[in-house]
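Top to bottom, those sequences are chains A and B.
Each step along the first sequence adds one to the number in our numbering, with nothing skipped, and position 123 is 548.
Each step along the second sequence adds one to the number in our numbering, with nothing skipped, and position 170 is 595.
Glycine residues also receive a C-beta, built at the ideal position from the N, C-alpha and C atoms.
Protein chains: 2
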Amino acid sequence: MGLSPDDVERLDSIVKRNRPLHRGDHLFREGDGFRFLYVVTTGSVKTYTPSEDGGEQVLGFHLPGEIIGLDAIQSERHCCSARVLETSAICEIPFDRLEELSSFIPSLQHQMYRLLSREIGQDTEMLMLLAKKNAEERLATFLLSISGRLRKRGFSATDFYLSMSRHEIGNYLGLAVETVSRLFTRFQDDGLLHVERKHIQLIDLVRLEAMVNGTVNGGPNHRHWK
Amino acid sequence: MGLSPDDVERLDSIVKRNRPLHRGDHLFREGDGFRFLYVVTTGSVKTYTPSEDGGEQVLGFHLPGEIIGLDAIQSERHCCSARVLETSAICEIPFDRLEELSSFIPSLQHQMYRLLSREIGQDTEMLMLLAKKNAEERLATFLLSISGRLRKRGFSATDFYLSMSRHEIGNYLGLAVETVSRLFTRFQDDGLLHVERKHIQLIDLVRLEAMVNGTVNGGPNHRHWK
DNA sequence: TTTAATACTTGATTTCAGTCAATGAATGGC
DNA sequence: GCCATTCATTGACTGAAATCAAGTATTAAA
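Right under this line is the structure:
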């Protein structure tokens, strides 16, 4: 990332590695004061905004190497909750120390800007998914996203376990549970993947990619206003 | 913002004020190299991602005081296009100069982090709108968003002109033009607002607020999974 | 183990918003 | 000025996905 070994050490010295957390544990809750950024080392975390009546909107799933909490810098309060989906190891980074360090290390500052900017870009992707894609395009996009992120971390891109429930997937993608379930069945029938409960094996990545781009039925975006 | 008069002057010295731009002019296009952040002084701008076939996804409308281009820091390329909706004055800020300045002025650095973080929070709001709200909730949310942002800048919160077309509103909200049109008519029939082409007068802000929270038909979120 | 609770799947039905189609109003170009 | 084009509205119809409903599988608890 363009940091000198010295800088890396300084950065490393402020990172705290915590004992493992377990399924259901909260990293933080909406409204909590913001002090730390969190980085998933192993396992997975979901972020979500709870609503009064027990419902929720899932905002994202966070896999190893991914950072959580950037949205809280603004208000100095967490505006979502973060809950561990399976036994996970999470690092915490005190943001005030990181900020301080970043004004001494220009390349760290630059990385921070990039990190925040990337988060915006990812939200934009999600926004397009929700505004324009149909149910099957959404699920295909989701699966390939998980796949790609796992591959980047050295895990299998075609054989993995989903740590979240169908309900959570549907909530995240703006779909009903039943729709997600039906799509998994259909994808399997169509030979795109093999699914058995939370165990997913992607079979036809090419066709899934085509789906994501909405190029399944001859040519991109048959709806003219897309 | 916690900047000394001296700092403000330094910041001011790198900001360039450009001649007015006109309806249809581009600030930048997707793929352009990233050099500047833009701040709307007067007028309005839309950002959008064009797709091969001439379609587009509108990502946002930007009113006076709002900043454009933060999503491009990451890749050093603009990943959306920005087009002026009406005669507008736009400032440009060279990002490399701003970045440099921010490592000398901690409070500026802090503001930058907050600014980026706020953008993430706003995207999250939009994400929830698209994932969970129905058509009327979306349009009500949109109108109150515009209203609130205008008020913050000293304009009327209840009487304004929309600089974007129905088509663009629909595209932004994930709705068809016809749906937007029908909703405007219905809102007017219900005494929520008065609409005549692009001229909007909000009449019943209370009822609009209630709509945004989905509390129209007795209690929040009648759909259990929300 | 048995029971209870939760998660998942599948089918039948409904509904909200999209699509298609037609017309009218406003804007821009010549 | 007129004509062409784009924009907006309204109605009729359709369809994708939500809701409702029932049943099965899995996990957790006693």
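Task: Short-range partners of chain A found in the stretch 619-644 of chain B, where Cβ spacing is below 7 Å - done: Nothing from the stretch 619-644 of chain B brings a Cβ to less than 7 Å from some Cβ of chain A.
Open item on the list: Among the candidates B/His451, B/Lys441, B/Gly639, B/Ser606, whose CA atom is the shortest distance from the CA of B/Pro475?
Closed with: It is B/His451 whose Cα lies nearest to the Cα of B/Pro475.
- [ ] State the Cα-Cα distance for the pair A/Lys471 and A/Thr549, rounded to the nearest angstrom.
- [x] Cα atoms of A/Lys471 and A/Thr549: separation of roughly 19 Å, rounded to the nearest angstrom.
Open item on the list: I need the DSSP call for A/Val470, collapsed to helix, strand or coil.
Closed with: Three-state result, A/Val470: strand.
Task: CA-to-CA distance, B/Gly480 to A/Leu554, given in whole angstroms - done: Answer to the nearest angstrom: the Cα atoms are 15 Å apart.
Task: Among A/His487, A/Glu593, A/Met636, A/Glu455, the one whose alpha carbon lies nearest that of A/Gln623 - done: According to the sequence shown, residue 623 of chain A is Lys rather than Gln. Out of A/His487, A/Glu593, A/Met636, A/Glu455, A/Glu593 has the C-alpha closest to the C-alpha of A/Lys623.
Open item on the list: Which residues in chain B have a C-beta closer than 8 Å to the C-beta of A/Gly546? List them in chain order.
Closed with: Residues of chain B passing the Cβ test: Asp496, Gln499, Ser500, Cys504.
Open item on the list: Does the CB of B/Thr549 have a neighbour CB from chain A at under 8 Å?
Closed with: For B/Thr549, the answer is yes, since a Cβ of chain A falls inside 8 Å of its Cβ.
- [ ] Say whether the stretch 486-496 of chain B touches the stretch 522-532 of chain B, bearing in mind that this needs 3 or more beta-carbon pairs closer than 8 Å, one atom from each stretch.
- [x] No, because fewer than three Cβ pairs between the stretch 486-496 of chain B and the stretch 522-532 of chain B fall closer than 8 Å, the two stretches do not touch.
Open item on the list: Considering Cα atoms alone, identify which of A/Tyr463, A/Ser500, A/Gly595 is closest to A/Val440.
Closed with: Taking only the C-alpha atoms, the option nearest A/Val440 is A/Tyr463.
Open item on the list: Which of the three DSSP states is assigned to B/Leu633 in this structure?
Closed with: In the structure shown, B/Leu633 sits in a helix (DSSP, three-state: H, G or I).
Open item on the list: Give me, in chain order, the residues of the same chain whose beta-carbon lies closer than 7 Å to that of A/Glu544; leave out the 5 immediate sequence neighbours on both sides.
Closed with: Within the same chain, A/Glu544 has close Cβ partners Leu495.
- [ ] My understanding is that A/His503 touches A/Gly456, with C-beta atoms under 8 Å, so please give their C-beta distance in whole angstroms.
- [x] Confirmed, Cβ separation roughly 7 Å.
Task: Rounded C-alpha distance that separates A/Arg648 from A/Ala556 - done: For A/Arg648, the predicted model reports a pLDDT of 41, less than 50, meaning its position is unreliable; a value from the coordinates is still stated below. When rounded, the distance between both Cα atoms is 13 Å.
Open item on the list: Is B/Lys651 close to chain A? Criterion is C-beta to C-beta, closer than 8 Å.
Closed with: Because B/Lys651 carries a pLDDT of 37, less than 50, the predicted location of this residue cannot be relied on, and no value is offered for it.
Open item on the list: What ranges does the beta strand (DSSP E) occupy inside the stretch 583-627 of chain B, keeping only unbroken runs of at least 3 residues that lie completely in it?
Closed with: Secondary structure remark: continuous beta strand (DSSP E) runs of at least 3 residues inside the stretch 583-627 of chain B, in chain order: 584-586, 618-621, 624-627.
Task: Partners in chain A for B/Lys557, counting only beta-carbon separations shorter than 8 Å - done: Those are Gln482, Gly599, listed as they occur along chain A.
- [ ] Put A/Val440 into one of helix, strand or coil per three-state DSSP.
- [x] Reduced to three states, the DSSP call for A/Val440 is coil.
Task: Sequence-distant residues of its chain with Cβ nearer than 7 Å to A/Gly644 (five each side left out) - done: Residue placement at A/Gly644 cannot be trusted, given a pLDDT of 42 that sits under 50; what the coordinates show is reported in the next sentence. Within the same chain, A/Gly644 has no close Cβ partners at all.
Open item on the list: Judging by CA-CA distance, which residue of A/Met636, A/Leu569, A/Met589 is the nearest neighbour of A/Ser581?
Closed with: Nearest C-alpha to A/Ser581: A/Leu569.
Open item on the list: Need the endpoints of the alpha helix (DSSP H) that B/Gln536 sits in, please.
Closed with: Looking at the DSSP string, the run of the alpha helix (DSSP H) that includes B/Gln536 is 531-557.
Task: A/Ser528 at chain B interface by Cβ criterion, 8 Å - done: A/Ser528 belongs to the set of residues whose beta carbon lies under 8 Å from a beta carbon in chain B.
TODO: Determine contact between the stretch 526-534 of chain B and the stretch 502-517 of chain B, defined as no fewer than three beta-carbon pairs at a distance below 8 Å.
DONE: Not touching, per the Cβ criterion.
Open item on the list: Between the alpha carbons of A/Thr610 and A/Ser513, how many angstroms are there, rounded?
Closed with: Rounded to whole angstroms, A/Thr610 and A/Ser513 show a C-alpha spacing of 30 Å.
Task: Residue environment, A/Ser429, which counts as buried when at least 16 other CB atoms sit within 10 Å - done: Counting C-beta atoms within 10 angstroms of its own C-beta, A/Ser429 has fewer than 16 neighbours from the protein chains shown and is therefore classed as exposed.
Task: Cβ shell of B/Asp629 (< 8 Å), same chain only, five flanking positions each side left out - done: Excluding residues within five positions, the ones whose Cβ falls inside 8 Å are Gly616, Leu617, Leu618.
- [ ] Assign B/Arg563 to buried or exposed, taking buried as 16 or more other Cβ atoms, counted over all protein chains shown, within 10 Å of its Cβ.
- [x] B/Arg563 sits buried, since 16 or more C-beta atoms from the chains shown fall within 10 Å of its C-beta.
- [ ] Taking only the alpha-carbon atoms, compute the straight-line gap between A/Gln534 and A/Thr566 and give it to the nearest angstrom.
- [x] Approximately 32 Å, taken between the alpha carbons.
Open item on the list: Can you list, in chain order, the residues of its chain with a C-beta nearer than 8 Å to that of B/Thr604? Leave out the 5 residues immediately preceding and following it.
Closed with: These residues qualify, in order along the chain: Ala560, Gly595.
Open item on the list: So, for B/Gln613: in the same chain, excluding its five sequence neighbours on each side, which residues have a beta-carbon less than 8 Å away from its beta-carbon?
Closed with: Apart from the 5 residues on each side of it in sequence, B/Gln613 sits with its Cβ closer than 8 Å to the Cβ of His619, Val620 in its chain, given in chain order.
Task: Between the CA atoms of A/Leu633 and B/Lys577 - distance to the nearest angstrom - done: Taking the straight line from one Cα to the other gives about 45 Å.
Task: First through last residue of the alpha helix (DSSP H) which encompasses B/Leu564 - done: Residue range 560-577 is occupied by the alpha helix (DSSP H) that includes B/Leu564.
- [ ] Can you grab the Cα-Cα spacing for the pair A/Arg448 / A/Leu510, in whole Å?
- [x] The alpha-carbon separation between A/Arg448 and A/Leu510 amounts to approximately 5 Å.
Open item on the list: Taking 8 Å as the threshold (C-beta atoms), are A/Gln499 and B/Gly546 in contact?
Closed with: Yes, Cβ-Cβ distance for B/Gly546 and A/Gln499 is below 8 Å.
TODO: Using a Cβ-Cβ cut-off of 8 Å, state whether A/Thr467 counts as contacting chain B.
DONE: The Cβ of A/Thr467 sits no closer than 8 Å to any Cβ of chain B.
Open item on the list: Here's the rule I'm using: 16 or more other beta-carbon atoms within 10 Å means buried, otherwise exposed. How should B/Glu517 be labelled?
Closed with: Under this definition B/Glu517 is a buried residue.
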